[in-house]
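Working notes, beginning with the structure itself.
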Amino acid sequence: MKHKQKAIPLAKAKLQTHPLLGELIKNDIADLKVNQCISELPIEVIQTLLDLRPLPVTPDTNDDCYLTLASSGILERFKAHPLSKKLFLKVHIYPADVIDHVLSVTLLYDCAVTLYLKSNLSTNAQRRLRCFKEHGIHAPKKTILANLANTSLSIFR
2 MKHKQKAIPL AKAKLQTHPL LGELIKNDIA DLKVNQCISE LPIEVIQTLL DLRPLPVTPD
62 TNDDCYLTLA SSGILERFKA HPLSKKLFLK VHIYPADVID HVLSVTLLYD CAVTLYLKSN
122 LSTNAQRRLR CFKEHGIHAP KKTILANLAN TSLSIFR
């Protein structure tokens, strides 16, 4: 499936939720709590996280605006960073004729794959932290990881 890729300054990104996306996620449960540790993350960490998750979009009839084809709580959280004006957002721009397909992938397939992997995430995080320590590689504090995950510190012990 053909799409274009583009990086745009996060502060200048004009994004709106695609109307069909809004309808498909209207019954979702969202726990959008203010997360104080976002401002503590180095800008390089946030930029790398953004780079790992390009946002699928389609052009709006208004040329300088994109309609999002996936919900992105992570993007909303990073907009709150004090240095967000230095961040760039990667977008994958899809044509209108594949919107239904992209929505099914972002909302259903991705959700199913994430759900499948979720059961091992906390165990993997614990083991990875130990491996980082064994190899002498700097790792973030457990409190920061727990805060980012909106969970208790015991998950990372």
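Numbering (my numbering), first residue to last: 2 to 158.
Note that CB positions come from ideal geometry on N, CA and C, so glycine has one too.
Owing to the predicted nature of the structure, the values given are computational and were not obtained by experimental measurement.
#### Entry: Nonlocal neighbours in the same chain, by C-beta distance under 7 Å from Leu57, ignoring five residues either side
Position 56 of the sequence shown holds residue 57. With the sequence shown as reference, residue 57 is identified as Pro, and Leu is not the correct amino acid for it. Cβ within range, chain order: Leu70, Ala71, His93, Tyr95, Val103 and Thr107.
### Task
Please report how far the alpha carbon of Tyr67 lies from the alpha carbon of Glu135, in whole angstroms.
Looking up residue 67 in the sequence shown gives position 66. Looking up residue 135 in the sequence shown gives position 134. Our two residues, Tyr67 and Glu135, have alpha carbons roughly 45 Å apart in a direct line.
### Query
Per DSSP, Leu87 forms a beta bridge with which residues?
Locating residue 87 in the sequence shown gives position 86, counting from the first residue. Note that residue 87 is Lys in the sequence shown here, rather than Leu. For Lys87, DSSP assigns no beta-bridge partner whatsoever.
### Those residues which DSSP pairs with His93 across a bridge
Here the question's residue 93 lines up with position 92 in the sequence shown. In the DSSP output, where bridge partners are listed per residue, His93 has Gln6 and Pro57.
### Query
Do the stretch 81 to 91 and the stretch 40 to 48 meet, that is, are 3 or more Cβ pairs less than 8 Å apart?
They touch, by the three-pair rule.
### Task
Could you tell me which residues DSSP pairs with Leu68 in its beta bridges?
Sequence index remark: in the sequence shown, residue 68 carries index 67 (1-based). Paired residues: Gln17 and Thr59.
### Task
Report all residues from its chain with a CB closer than 8 Å to the CB of Ile100; omit the five preceding and five following residues, and keep chain order.
Residue 100 sits at position 99 when you count from the first residue of the sequence shown. Within the same chain, His19, Leu21, Thr59 and Leu70 come within 8 Å of Ile100 by CB-CB distance, once the 5 residues on both sides are set aside.
### Message
Using CA atoms only, rank isn't needed, just tell me which of Ile44, Ile47, Asp29 and Leu51 is closest to Lys7.
### Response
Indexing the sequence shown from 1 puts residue 7 at position 6. Checked all of Ile44, Ile47, Asp29 and Leu51; the closest Cα to Lys7 is Leu51.
### Task
Tell me whether Leu53 is buried or exposed, calling it buried when 16 or more other Cβ atoms sit within 10 Å of its Cβ.
As a working mapping, residue 53 is identified with position 52 in the sequence shown. By the C-beta density criterion, Leu53 is exposed, having fewer than 16 other C-beta atoms within 10 angstroms.
### Task
Would you mind giving the Cβ-Cβ distance between Asp61 and Gln17, rounded to the nearest angstrom? I have them listed as a contact below 8 Å.
The residue labelled residue 61 in the question sits at position 60 within the sequence shown. The residue labelled residue 17 in the question sits at position 16 within the sequence shown. Indeed, because the Cβ distance is near 7 Å, the residues count as touching under 8 Å.
### Task
For Leu90, count neighbouring C-beta atoms within 10 Å of its own C-beta (all shown protein chains included) and say buried if the count is 16 or more, exposed if not.
Position 89 of the sequence shown, counting from 1, holds the residue named residue 90. Buried, since its Cβ has 16 or more Cβ neighbours within 10 Å.
#### Entry: Host alpha helix (DSSP H) of Lys80 (start-end)
Position 79 of the sequence shown, counted from the first residue, corresponds to residue 80. From DSSP, Lys80 is part of no alpha helix (DSSP H); its letter is neither H nor E.
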